[in-house]
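Please read the structure below before turning to the comments.
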Amino acid sequence: MALSLSDLLKRMLEMNGSDLHITTNSPPQIRVHGHLVPLDLPQLTPAETKQLAYSVMTDSQKHRFEENFELDFSFGLKGLARFRANTFNQRGATAAVFRLIPFEIKSFNQLGLPAVVSKLCDKPRGLVLVTGPTGSGKSTTLAAMIDKINSERHDHILTIEDPIEFVHMNKNCVVNQRELHADTKSFSDALRAALREDPDVVLIGEMRDLETIESALR
């Protein structure tokens, strides 16, 4: 196939798509308004899906993928957008899904969030859980909440993510974003270290195990 991954991601943006799917024995497909739309391209071979997925991985990421058979990571294409990727093996071949992460963080009004969410951002302490099914807007909601705090308060915000999705620049706050495997070995390790990093706000991207949950509740 002559098209590069960059070409396919540009096509996704042109179609106002949210996700690009690549897998063997199928042309690339783009999710548009909730439905997968196949591109008018030949079916991908195992060599092509591997080449497309590996084209945006670092050597370290390739090693982790070959060791674990699945990998979450994020990357940006200059002047285009950021993307979250999940690569995995299926029937012995590489497959991947790439989700669009807009550079711009949407406001509460743009997302249609209720006023109570804004009020939560003003609380000096407490635990806020953002839950929901895949594609329901958890990441964009969290990004909007962090951006509001970053704009209005004078605090230290610490995020622990796998991978980093939305990038937050320092506004009124100091924002440190840590990515699993790149900046820390585990969520629980990062949470233990956070106790010595003087955070006012801690965002935990996922709570996958009992140790992480226990650390978050301390």
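Start counting at 1 in the sequence shown, then tack on 5, and there's your number in the working numbering. Built from N, CA and C at the ideal position, the CB exists for glycine as well. If you're wondering where the values come from, they're calculated on a predicted model, not measured in any experiment.
Taking only runs of the beta strand (DSSP E) that begin and end inside the stretch 81-138, which ones reach a length of at least 3 residues, in chain order? Entirely contained in the stretch 81-138, the beta strand (DSSP E) runs reaching 3 residues are, in chain order, 86-95 and 98-106.
Given a cut-off of 8 angstroms, decide if residue 47 and residue 34 are closer than it, judged by their beta-carbon atoms. no
Between the Cα of residue 90 and those of 67, 189 and 76, spot the shortest distance and give me the residue it belongs to. 76
Environment of residue 73 [buried if 16+ CB atoms lie within 10 Å]: exposed
When 120, 78, 192 and 92 are compared against residue 219, the one with the closest alpha-carbon: 192
Determine whether the beta carbon atoms of residue 87 and residue 106 lie at a separation below 8 angstroms. yes
Taking contact to mean 3 or more Cβ pairs, one atom from each stretch, closer than 8 angstroms, check whether the stretch 151-159 and the stretch 173-180 are in contact. yes
Keeping to the same chain, check which residues put their C-beta closer than 8 angstroms to that of residue 142; ignore five residues upstream and five downstream. 116
Across which residues does DSSP place residue 43 in a beta bridge pair? 34
Nearest-angstrom Cα distance between residue 49 and residue 99? 11 angstroms
Report yes or no: do three or more beta-carbon pairs, one from the stretch 157-173 and one from the stretch 195-215, lie closer than 8 angstroms? yes
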